[in-house]
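**Student:**
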Amino acid sequence: MGFRVVLLGPPGCGKGTQAEKLNDDLGLIRLSTGDMLREAVRNGTELGKMAKTYMDSGGLVPDDVVIGLMKEKISTIKEGFVLDGFPRTVQQAEALDEFVDIQHVINFEVSDDELVKRLTSRRSCPDCNVVYHMIYKPPMKDGICDKCGATLYQRSDDTEETVRARLKVYRENTFPLIEYYDKKGILLNIDGEGSIMEIYDSIEEAL
Ligand code: AMP
1304 MGFRVVLLGP PGCGKGTQAE KLNDDLGLIR LSTGDMLREA VRNGTELGKM
1354 AKTYMDSGGL VPDDVVIGLM KEKISTIKEG FVLDGFPRTV QQAEALDEFV
1404 DIQHVINFEV SDDELVKRLT SRRSCPDCNV VYHMIYKPPM KDGICDKCGA
1454 TLYQRSDDTE ETVRARLKVY RENTFPLIEY YDKKGILLNI DGEGSIMEIY
1504 DSIEEAL
């Protein structure tokens, strides 16, 4: 079994981009609860219908739902993995501790103004979930995913109003996880405002 890593930080801090690089370079499987939930919404499943009401307002999907989803997913994985967007509450972190031993938690520090700037200019691939930024990380061909050729879209929760709501939810529910993991001695804080490569280098160094 390879590394078991959690990427922690507010929406737009670069978790998805770095998780993708860890997948490309180290073969760690990227597990994103956000991607799993968006897929369920697209497929119109019962889970998707329920999750959509929370996601549209920038709120959190109930703990028992995402814990069940992640537990099932992790049980199928033999290799190392990187969690992107889970856990988001102390209850989720405690549940995770019961079924897997996390080795490293990387916390990205980015200012709110920078997060809003990044999220409102973000474009995402609906098929392979790669994320782009219109200025910092544009695709080679306008509006088309470099990796799989699908048409990129703007997430409905990446509007300024919903982004502000998501940042508030982050501060209230997810921020306490920094102390939770710091106490366990597995937390690494990194400056999330450097270039994609600088940030990646600090992560690699830490692993
Ligand atoms: P993300 O793609 O990580 O930004 O997640 C998008 C949305 O999915 C969030 O705003 C939440 O509504 C929901 N979501 C994703 N992960 C979780 C989680 N671990 N716990 C609760 N809700 C989540």
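So the sequence shown is numbered by this note's numbering: it starts at 1304 and just counts up by one.
Cβ coordinates follow ideal geometry from the N, Cα and C atoms, glycine included.
Predicted, not measured: the structure shown is a model, and the values here were computed from it.
Could you round the C-beta distance between G1317 and F1411 to whole angstroms and report it? I think they count as a contact, below 8 Å.
**Tutor:** 6 Å
**Student:** At which residues does the beta strand (DSSP E) containing S1498 begin and terminate?
**Tutor:** Taken as a continuous stretch (DSSP letters only), S1498 belongs to no beta strand (DSSP E), as it is neither H nor E.
**Student:** Is it true that the CB of G1315 sits closer than 7 Å to the CB of R1421?
**Tutor:** yes
**Student:** Under the rule that 16 or more other beta-carbon atoms within 10 Å means buried, what is N1346, buried or exposed?
**Tutor:** Taking every protein chain shown into account, the CB of N1346 has fewer than 16 other CB atoms within 10 angstroms, so this residue is exposed.
**Student:** Indicate whether V1403 and I1438 have their beta-carbon atoms separated by less than 7 Å.
**Tutor:** no
**Student:** In chain order, which continuous runs of the alpha helix (DSSP H) of length 4 or greater are located wholly inside the stretch 1383-1455?
**Tutor:** 1393-1402 and 1415-1423
**Student:** Check whether the Cβ of R1391 lies closer than 6 Å to any heavy atom of ligand 2, and answer yes or no.
**Tutor:** This structure lacks ligand 2; the ligands present are ligand 1.
**Student:** What residue does the beta strand (DSSP E) around I1370 start on, and which one ends it?
**Tutor:** No beta strand (DSSP E) contains I1370, which is instead part of the alpha helix (DSSP H) from D1366 to S1378.
**Student:** Mark R1307 as exposed unless 16 or more other C-beta atoms lie within 10 angstroms of its C-beta, in which case mark it buried.
**Tutor:** Buried is the label assigned to R1307, since at least 16 other Cβ atoms lie within 10 Å of its Cβ.
**Student:** At a cut-off of 6 Å, is T1356 close to ligand 1 when judged by its beta-carbon and the heavy atoms of the ligand?
**Tutor:** False, no ligand heavy atom lies under 6 Å from that Cβ.
**Student:** Give every residue of the same chain whose Cβ lies closer than 8 Å to the Cβ of G1362, excluding the five residues on either side of it in the sequence, and list them in chain order.
**Tutor:** Counting only Cβ-Cβ distances below 8 Å, and skipping sequence neighbours, we find A1468 and V1472.
**Student:** Can you look up S1459 in the DSSP assignment and give me helix, strand or coil?
**Tutor:** If DSSP states are grouped into helix, strand and coil, S1459 belongs with coil.
**Student:** In the DSSP assignment, what are the bridge partners of R1469?
**Tutor:** Beta-bridge pairing links R1469 to no other residue.
**Student:** Kindly give me the distance between the Cβ atoms of L1372 and M1358, rounded to whole angstroms, as I take these residues to be in contact under 8 Å.
**Tutor:** About 13 Å separates the beta carbon of L1372 from that of M1358, a gap too long to meet the 8 Å contact definition.
**Student:** Should F1389 go down as buried or exposed, given a rule of 16 or more other Cβ atoms within 10 Å for buried?
**Tutor:** buried
**Student:** Touching or not, the stretch 1459-1467 and the stretch 1415-1429, by the rule of three or more beta carbon pairs under 8 Å?
**Tutor:** yes
**Student:** Taking all protein chains shown into account, decide if K1444 is buried (16 or more other Cβ within 10 angstroms of its Cβ) or exposed.
**Tutor:** exposed
**Student:** With distances taken from CA atoms, which of Q1394, V1344 and N1476 is nearest D1367?
**Tutor:** Q1394
**Student:** Quick check on I1489: does DSSP put it in helix, strand or coil?
**Tutor:** coil
**Student:** Locate the beta strand (DSSP E) running through L1334, then write down its first and last residues.
**Tutor:** For L1334, the enclosing beta strand (DSSP E) covers residues I1332 to S1335.
**Student:** Below 8 Å on the Cβ atoms is my guess for L1329 versus Q1321; work out the distance and round it to an integer in Å.
**Tutor:** Not quite, the Cβ-Cβ distance comes to about 11 Å (not below 8 Å), so this is no contact.
**Student:** How big is the Cα-Cα spacing for I1493 and K1440?
**Tutor:** 20 Å
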